[in-house]
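In this note's numbering, the protein residues as written are 1246 to 1591. We treat Cβ as the ideally placed atom computed from N, Cα and C, and that holds for glycine. It should be emphasised that the depicted structure is a prediction, and the values quoted were computed from it without experimental measurement. Taking it in order: structure first as structure tokens, then the write-up.
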């Protein structure tokens, strides 16, 4: 795009999803006579909200500075030999080549071309020349981080290079990464509830059933069964061990001991499965799967069974069941809309 002065303007992509609205907008570019359509001009103007958000332009580069000047970094880099031809809109159009937009960058001439930004031109120049910025991050502290932390890296983020994001993540000790191509730069705006549920679950060692495959669920069930003849047989064996341990054969005593040794681990696994879920997407499946696993563990194979599990699961499982029931009843985790969706799914 070009401004009234003929300078190339940026294409402001709304943080990553703007391209969806860009297609119909560009289709309205020309009026029937071949001129610039009023509809396009008005819509394009609304995508440049400097009147209401001037601080975005002023601090766009300054917020990233650490001990150095920005000196209008995007403007300088775009003029370098490596990139000059790539962003020569007039030349590309004349050759019939694709015209590359420059994302959400801010350039110095915008403080002349856009009336809403003109009062801030002097301040913007001061910030661009400022060199005594402090350090944004304490890399030494991050390298010894002990706080459970998780982050999403978008493989196809057009504003943040994935390799650079990975490099940054390596500086944070214990950071758990969710690398996904499901979202672009605007993931939080598009599907914030699901993304935050996923990241909180990762940070808290919780399992979100939405992300478990059928094979993984089967693997969990196999762990619950403990490699014996099945949940019912295991429950019967423990019942005999409690009531009349002398009646057990040596092999049965060994099997009971092995199963009891793993009860804490199994309890934790089931508690994780029952932990905070995304109601909007997976709550109904959570209840069914939990009931199925409990059925295997206790010998009661009825789906959705909400009775307490066998004694060996202990208070941890009972607490997990209570938390799950409270979420389903109260709509926590997915909000009221999630609760409504869950009720509708039933």
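The C-beta distance from residue 1307 to residue 1372 rounds to 5 Å, short enough to meet the 8 Å contact threshold. Per DSSP, residue 1300 has no beta bridge partner at all.
Taking a cut-off of 8 Å on C-beta distances, the region 1364-1378 does not touch the region 1394-1406, as fewer than three cross pairs fall below it. Residue environment for residue 1443: buried (at least 16 other C-beta atoms within 10 angstroms of its C-beta). For residue 1433, the uninterrupted alpha helix (DSSP H) run begins and ends at 1432-1448, by DSSP. If you look at residue 1382, you'll find it isn't in any beta strand (DSSP E); DSSP assigns it neither H nor E.
In the structure shown, residue 1352 adopts coil according to DSSP, grouped into three states. Rounded to whole angstroms, the gap between the alpha carbons of residue 1428 and residue 1410 is 15 Å. Here residue 1382 is exposed: its Cβ has fewer than 16 other Cβ atoms, across all protein chains shown, within 10 Å. For residue 1424, no alpha helix (DSSP H) run applies; the uninterrupted beta strand (DSSP E) run containing it begins and ends at 1420-1425, by DSSP. As the crow flies, the alpha-carbon of residue 1352 is around 7 Å from that of residue 1317.
Taking a 10 Å sphere around the C-beta of residue 1338, we find fewer than 16 other C-beta atoms and assign the residue as exposed. Residue 1312 has its alpha-carbon roughly 29 Å from the corresponding atom of residue 1421. A residue is called buried when at least 16 other Cβ atoms come within 10 angstroms of its Cβ; residue 1362 meets this threshold and is buried. Secondary structure at residue 1275: strand, using DSSP grouped into helix, strand and coil. Nearest C-alpha to residue 1354 among 1321, 1329 and 1330: 1321. In its chain, beyond the 5 residues on either side, no residue has a beta carbon closer than 7 Å to the beta carbon of residue 1278. Nearest in C-alpha terms to residue 1299, of all of 1484, 1431 and 1359, is 1359. Taking C-beta separations shorter than 6 Å and ignoring five residues to either side along the sequence, the partners of residue 1365 in its chain run 1299 and 1303, following chain order. If you draw a straight line from the Cα of residue 1437 to the Cα of residue 1390, it comes to about 25 Å. The C-alpha of residue 1493 lies about 52 Å from the C-alpha of residue 1397. DSSP places residue 1397 within a strand segment (E or B) once states are collapsed to three.
Under a 10 Å Cβ-count criterion, residue 1286 is classified as exposed, with fewer than 16 other Cβ atoms of the shown protein chains found around its own Cβ. No Cβ-Cβ contact shorter than 8 Å links residue 1387 with residue 1430. Residue 1493 carries a coil assignment under DSSP once its states are collapsed to helix, strand and coil.
Per the coordinates, the alpha-carbon of residue 1284 lies some 50 Å from the alpha-carbon of residue 1393. Counting only the Cα atoms, residue 1275 lies some 5 Å from residue 1281. By the Cβ-count criterion, residue 1419 is exposed, with fewer than 16 other Cβ atoms from all chains shown falling within 10 Å of its own Cβ. Distance from the CA atom of residue 1309 to the CA atom of residue 1271, rounded to whole angstroms, is 32 Å.
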